[in-house]
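A.B. asks: I have a structure here, written as structure tokens, and I will follow up with some questions on it.
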Amino acid sequence: MEAFFLKLFEGRCPIKIETREGLSDPTAVVVGNFDGLHRGHTHLLNILGKRARERSLKTLVVTFCPHPLKVLAKNLFMCELSSAEEKIELFAELGIDYLCFIKFDKNFSRIRAKEFLKEVLWKRLRCKYLLVGYDWRFGYRREGEVELAREMGRKLGFEVELAKAYRKNGHIVSSTLLRRLLSEGRLKEVKEFLGRTYWIKRKVVRGEGRGRKIGFPTANLGETENLCLREGVYAVRVDDTYIGVANYGYRPTFDGKKKVLEVHIIGFSGNLKGKKIKVE
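Numbering follows the working numbering, with no gaps: position 206 of the sequence shown is 206.
Laid out in structure tokens, this is it:
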């Protein structure tokens, strides 16, 4: 299994931990994709934090990169709500102790459920408490479920708790729901279920400069062709400071075959090429 670990500190840069043997601290663990880190996820993390404090454990979030659907079912993969880098920033704000990214590839997809519990969670990640979501499945072909985790926990010595679905306004809050709302342009509801304004952070890439020539310079953001966002024009805030106008679609200022997010920052005339900017 190829993985890397980050030790997170609120308000500070995460530190990458070089480890082959795993973590030394006993942990309270939750596993998932955590795409978007919405209210349903923060509900889980609040439970995890409480249980960890009660048991004197470190909190550990285990997630995957890339998203498993990118590997197992590319035809079903539509879009991601948050990149790996954005997840790191969001988790750091929530006070998680450790974040583990497991490289999800064909080899890892074949790991059996019992092996994942014993070799990865228990042996390498020192799991003493495992929190699982209402729809959690794991292992080869999603063969593992909560009862198997409980059985293995009794044998190996870790607790398993099943969390109920988190509901708001009659809806189960999920990444699937948020992807649909974003694709329909329903940003007010997105904010309600995310618990924050939707934002992305991407590097500004070289454009053709045509927007500047017509008096409307734009920052073209890279890796935005597969955003969940509906095509259209949006009022935005950039880096928590500037206001602007963004267009998501097939490059309105010049021909192109890929969708891109172009941002015109009002009152800004500097060169942002190569820099990462946050767009809300």
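C-beta: ideal position from N, C-alpha, C; glycine also.
1) Among residues of its own chain, excluding the 5 on either side of V31, which ones have a beta-carbon nearer than 6 Å to its beta-carbon?
2) Given a cut-off of 8 Å, decide if G249 and E225 are closer than it, judged by their beta-carbon atoms.
3) How should A73 be labelled, buried or exposed, when 16 other C-beta atoms within 10 angstroms of its C-beta is the threshold for buried?
4) Please list the terminal residues of the continuous beta strand (DSSP E) segment that includes L131.
5) Measure the C-alpha to C-alpha separation of N33 and I277 and round it to an integer number of angstroms.
6) Considering only residues of the same chain and omitting the five flanking positions on each side of F77, which have a CB-CB separation below 6 Å?
7) Any chance the stretch 46-60 sits against the stretch 87-106, with 3 or more Cβ pairs inside 8 Å?
8) With C-beta atoms as the reference, is Y129 less than 8 Å away from R51?
9) State yes or no: is the C-beta of E223 within less than 8 Å of the C-beta of R196?
10) In this structure, does DSSP put E80 in helix, strand or coil?
11) Using a Cβ distance threshold of 8 Å, determine whether the stretch 154-172 contacts the stretch 89-96, with at least three qualifying pairs required.
12) I need the DSSP call for K103, collapsed to helix, strand or coil.
13) Assign A219 to one of three DSSP states: helix, strand, or coil.
14) Quick one: is E151 buried, meaning 16 or more other Cβ sit within 10 Å of its Cβ, or exposed?
15) Starting from E119, follow the alpha helix (DSSP H) in both directions and report where the run begins and ends.
16) Any chance you could list the beta strand (DSSP E) runs of at least 3 consecutive residues sitting entirely within the stretch 157-202, in chain order?
17) What are the residues that DSSP puts in a beta bridge with K276?
18) Classify Y140 as helix, strand or coil using the three-state DSSP reduction.
19) Are the Cβ atoms of N220 and V205 separated by less than 8 Å?
20) With burial defined as no fewer than 16 other Cβ atoms inside 10 Å of the residue's Cβ, what is the status of N169: buried or exposed?
21) In the DSSP assignment, what are the bridge partners of R265?
22) Quick one: residues in its chain with C-beta nearer than 8 Å to the C-beta of L148, no 5 flanking neighbours on either side, listed in chain order?
23) Per DSSP, T63 forms a beta bridge with which residues?
24) Helix, strand or coil: which one does DSSP assign to K58?
25) Is T224 helix, strand or coil when you go by DSSP?
26) Around the C-beta of V263, are 16 or more other C-beta atoms found within 10 angstroms, so that it is buried, or is it exposed?
C.D. replies: In this structure, then:
1) By one-based count along the sequence shown, residue 31 stands at place 31. Cβ neighbours of V31 beyond the five flanking positions: V62.
2) Taking the first residue of the sequence shown as 1, we reach residue 225 at position 225. Taking the first residue of the sequence shown as 1, we reach residue 249 at position 249. The answer is no: Cβ separation not under 8 Å.
3) Within the sequence shown, numbered from 1, the residue matching residue 73 stands at position 73. Residue environment analysis places A73 among the exposed positions, since fewer than 16 neighbouring C-beta atoms fall within 10 angstroms of its C-beta.
4) Start at 1 with the first residue of the sequence shown, and residue 131 comes out as number 131. Looking at the DSSP string, the run of the beta strand (DSSP E) that includes L131 is 127-132.
5) Here residue 33 refers to the residue found at position 33 when the sequence shown is read from its first residue. Here residue 277 refers to the residue found at position 277 when the sequence shown is read from its first residue. Straight-line Cα distance between these residues: approximately 24 Å.
6) The residue given as residue 77 occupies position 77 in the sequence shown. Around F77: L69, K70.
7) yes
8) Residue numbering aside, residue 129 sits at position 129 when the sequence shown is read from its first letter. Residue numbering aside, residue 51 sits at position 51 when the sequence shown is read from its first letter. Against a cut-off of 8 Å, the Cβ pair of R51 and Y129 comes out as a contact.
9) On the sequence shown, position 223 is the one that residue 223 refers to. On the sequence shown, position 196 is the one that residue 196 refers to. No, they are not a contact pair.
10) Position 80 of the sequence shown, counted from the first residue, corresponds to residue 80. The three-state reading of DSSP puts E80 in strand, counting E and B together.
11) no
12) Along the sequence shown, read from residue 1 onward, the residue named residue 103 stands at position 103. Here K103 sits in strand by DSSP.
13) Numbered from its first residue, the sequence shown carries residue 219 at position 219. In this structure, A219 counts as strand in the three-state DSSP scheme.
14) As a working mapping, residue 151 is identified with position 151 in the sequence shown. The residue is exposed, with fewer than 16 neighbouring Cβ atoms inside 10 Å.
15) Taking the sequence shown and counting its residues from 1, the one referred to as residue 119 is at position 119. Taken as a continuous stretch (DSSP letters only), E119 belongs to no alpha helix (DSSP H), as it is neither H nor E.
16) 159-162
17) For the purposes of this step, residue 276 is taken as residue 276 along the sequence shown, with counting starting at 1. BP columns for K276 point to K203.
18) Within the sequence shown, numbered from 1, the residue matching residue 140 stands at position 140. If DSSP states are grouped into helix, strand and coil, Y140 belongs with the helices.
19) Along the sequence shown, one-based indexing puts residue 220 at 220. Along the sequence shown, one-based indexing puts residue 205 at 205. Yes. Within cutoff.
20) Here residue 169 corresponds to residue number 169 of the sequence shown, with the count starting at 1. The residue is exposed, with fewer than 16 neighbouring Cβ atoms inside 10 Å.
21) As a first step, residue 265 must be located in the sequence shown, where it is residue number 265. Residue 265 is actually Ile in this sequence, not Arg. For I265, which the question treats as bridged, DSSP gives the partners G244.
22) The sequence position of residue 148 within the sequence shown is 148, counting from 1. A113, K114, L117, listed in sequence order.
23) As a working mapping, residue 63 is identified with position 63 in the sequence shown. DSSP lists F101 as partners of T63.
24) Residue numbering aside, residue 58 sits at position 58 when the sequence shown is read from its first letter. The answer is strand: DSSP assigns K58 an E or B state.
25) By 1-based counting over the sequence shown, the position of residue 224 is 224. Coil, per DSSP.
26) Start at 1 with the first residue of the sequence shown, and residue 263 comes out as number 263. Answer is buried; the Cβ neighbour count reaches 16.
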